[in-house]
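Residue numbers (the numbering used here): 98 to 1176.
This is the structure in structure tokens:
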């Protein structure tokens, strides 16, 4: 510490006045709820809050918050009281905050990771009068020493506002919130923050980050028990902008978080340096087009390394971003200083700075005698001003020690931060480090004495001491203790979990006979036994492990940077904190497509238990709660369902007139083969469970006026299954004989038939109406069916099909609308291969007859084609549609080609990973503008990226696509008149009984368009079906189409480096082709 006397009054003036020239006038009497109401008046219809698929305008948020406020009043909660919030991170958490403030009460944010004992302590210390919880939270209200209110009941209990007869006193409601951190006395410290402190903070942030009144989206990533989150919450809600609450499952994945930022056009987000480090690593893997530059990233919570900032700004697009390095202890209202880092100054910096004080904030760097340190000299950092807390709740002694009189202005208090810092010559502050026993570990402020105190409260523990140890880049807490009782590691950890949050539980526990002191009377750490060698060890379990578990263990070793690790080890104890979970999630998601839940990880006793949870998710296998019936009102059908419903009767009539024996128009019929015997009673029982699990299997469709609606039904007494002992060999059975026609107004809309011949050979026929099923649903159906067949239980479906349809109806993604508007700009009129027989209309006639032609791409050709696709990093679909566009171009003599295709329609991350059955498929146009100067390879790679965008934005129905066009593009007419569909036969190994299941779809393409191409891929080959109108095309003409398509495919994978123009020349395309074309 410096003990230096300032050399001049001029420097004294710089330190006291010039460097602290932060006075900015504002209304100190304004409450947060009053400022919020001003925003409601200014921007009632602006979006105030968004969480997942739910969003609220400022007016709606105000009304919901008033419900909470008035319900608290009705329950006898007086104004000025403290109210805790104990819920998962959600929109309801924010509504509760605003509601509590509207009732002129003080809110206390609590974490789901806190043990009940700590919650009770916090509620007692703060003298809280109530605790708000979520209805389905797993909490025993009897264990809470307070009044517990259900959020749903509070939010629904609207009471008319009564005008207050008396004005509330200033003192009664001066605190906006109380936030708790670790305390030296063994109890958490409650820090009370006033309303005007938040108003001052937001004024400062607004003027620096929000240059105008344009509506922007502000994301909050931090947990609500971190005050950095409150900076984001109030920055949005007190300036008329949208608050985007990042869901926990998205926070845990760099990929999903980046996707969230990009899709929601985030303007500003908070992020700790450790979290930013992980995100920068992820950004380095992206190309320039995928990178989304967030204008403002607010870094706080720990020191920001200058090397990290430099790595961030190495990305080409990072010049559009700014990192705001904020600093401030909780005792001074979130942030006290700020330093802006940008592309211009980062490479001129030789050290990281925490910047200058924000509005109405004073900084003092002093020596041990409380003399100001000269510029450039290290000292203790003290903070004063309008952000200062009123002290620690019910801890006057601690408050007096930390909040001292400012000797340079005795009318004011200043807070001793415990941080060491120094001034630079141009008035910036450089942070050096800590100067007390408080530590910051894994982003949390921790008082080691609190851990020691809680250990000494345990039965048999006489004395406890904790130290911080380092292993490489990681730091851990090691606890030494004396005891007259035997303790196991599990018992010790379980006991502390009841009173301490997970991040305060030591990684090592070492029993000792006693402690020695050094000459200064402090713990002599040098004589303590080695914490690794002598710590309590977990009891080894007999483990049945497979390659999956070993692979997961290797991943844990990588992210934890520990070579000696076993499946018995506790993930948290060996250094796995919430930030390590981010890294682990990236590996796990990339390898297995599973997102880990931080709560599950910290509740797990071992790495083995975490691995088991992942394995259970891989095939949606069990160990979770049973699904419950979802209640729903009648829901209007989707556009795709409406098209099917309205066209089906006409096709049926056509088939009846022509006396055609065929599968009903919109039935999907599959052969399902198993390499092991299927017990008919067990499979029927499994099917009934699947039907109970998936709402769409219990759905019918009814006409109400001009609309069609879905209706959920009771499946009791409905026969879905048949077991048939066949008299003939399975090989000779025509499964179309068993595909019944469904009545969409009645159950069932599916049937499963198990056929078995005299030799014991079996095959199942699965027949289901397309209204309730699509190709992707087949995978879910098979997995669920055989999970139940093996007597397993499945996890509850988070979002059912009805929920998805409702969201799809109400949420039109504006980015998708903009994409299609640009994609279809200047499009040609609908195209089709012209008829070789007639100049009549292309549209289907009442007596229209369709014929089908089949052909195969043999195994030798398909192997070469697949090798080519693998080398280029493209899919078979890319290759086949590219060839198809050239085929169409050759027949219609145009280079701008559009044809229809199907996309999965499960575009949102929630539904992509959710096992929901239903018709989500969307019909979209694919557009190729053929540049003859491109090589085949360049052509295919160019459109690979466009396919990704088409699928990404395939969440709109055809009506929406037309709605996205401008007038000029709209009057061109229909989008397309020819369709290309590409699907795969599905096979899977059922791990529960090592059974191989193979499915083969019986083609049944709709009879709407003149020509319909369908490709079906399997391991051996690709088979194609061309369904076409007999009135328009001769067999010879279709034969020519088939042969030309095969020649184009073969020429392409044999001549990847040659130009498309050479392909046209080789085919004689555009020269002397006699065909009639639609005008």
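Even glycine gets a Cβ: it sits at the ideal position worked out from N, Cα and C.
Our two residues, residue 633 and residue 559, have alpha carbons roughly 17 Å apart in a direct line. Leaving aside the five residues that flank residue 446 on each side, the residues in its chain whose CB is nearer than 7 Å to its CB run, in chain order, 403. Residue 1112 is bridged by DSSP to 1079 and 1121. Using a 10 angstroms sphere on the CB of residue 955, the tally of other CB atoms stays under 16, which defines it as exposed. Residue pairing for residue 1084: DSSP places it in a beta bridge opposite 1095. Here residue 428 is near residue 514, since their CB atoms are less than 9 Å apart.
Cβ contact annotation for residue 555 (same chain, cutoff 7 Å, sequence separation greater than five): 592, in chain order.
Separation of residue 866 and residue 1002 (C-alpha to C-alpha, rounded to the nearest whole angstrom) is 18 Å.
The bridge partners DSSP lists for residue 866 are 764. DSSP links residue 1023 through a beta bridge to 996. Contact annotation: residue 876 and residue 686 have beta-carbon atoms that are not nearer than 9 Å. According to the DSSP assignment, residue 477 belongs to the beta strand (DSSP E) that extends over 476-482. Per the coordinates, the alpha-carbon of residue 855 lies some 46 Å from the alpha-carbon of residue 902. When DSSP states are grouped into helix, strand and coil, residue 218 belongs to the helix group.
Cβ-Cβ distances below 6 Å link residue 319 to 325, 326 and 367 in the same chain, with the five nearest sequence neighbours on each side left out; the list follows chain order.
For residue 527, the enclosing beta strand (DSSP E) stretches over residues 526-531. Per DSSP, residue 184 lies in no beta strand (DSSP E) and is assigned neither H nor E. For residue 454, the secondary structure class from DSSP, reduced to helix, strand or coil, is strand. For residue 872, the enclosing alpha helix (DSSP H) begins and ends at 872-886.
Ranking 1114, 335, 645 and 394 by CA distance to the CA of residue 364 puts 394 first. By the neighbour-count definition (other C-beta atoms within 10 Å, threshold 16), residue 1022 is a buried residue. Closest in alpha carbon position to residue 912, among 169, 215, 1111 and 362, is 362.
Taking residue 787 as the centre and dropping the five residues before and after it, the same chain places the C-beta of 881 and 882 closer than 6 Å to its C-beta, in chain order. Check the Cα spacing between residue 900 and each of 735, 957, 128 and 625: the tightest is with 735. In the DSSP assignment, residue 781 falls within the alpha helix (DSSP H) that extends over 777-790. Residue 1079 has its alpha-carbon roughly 10 Å from the corresponding atom of residue 1000. Taking the C-beta atoms as reference points, residue 606 is found nearer than 9 Å to residue 586. Scanning its chain for C-beta atoms nearer than 6 Å, with the 5 sequence neighbours on each side dropped, one finds around residue 1018 the residues 871, 999 and 1002, in chain order. Between residue 215 and residue 596, the CB-CB gap stays under 9 Å. Secondary structure of residue 771 (DSSP, three-state): strand. Taking the Cα positions, residue 891 is about 37 Å away from residue 205. Of the residues 439, 518 and 830, the one whose Cα lies closest to the Cα of residue 475 is 518. The three-state secondary structure of residue 435, taken from DSSP, is strand.
The three-state secondary structure of residue 957, taken from DSSP, is helix. With distances taken between CA atoms, residue 838 lies nearest to 763 out of 331, 566 and 763.
Contact between the region 399-416 and the region 462-471 is absent: fewer than 3 CB-CB pairs across the two stretches fall below 8 Å.
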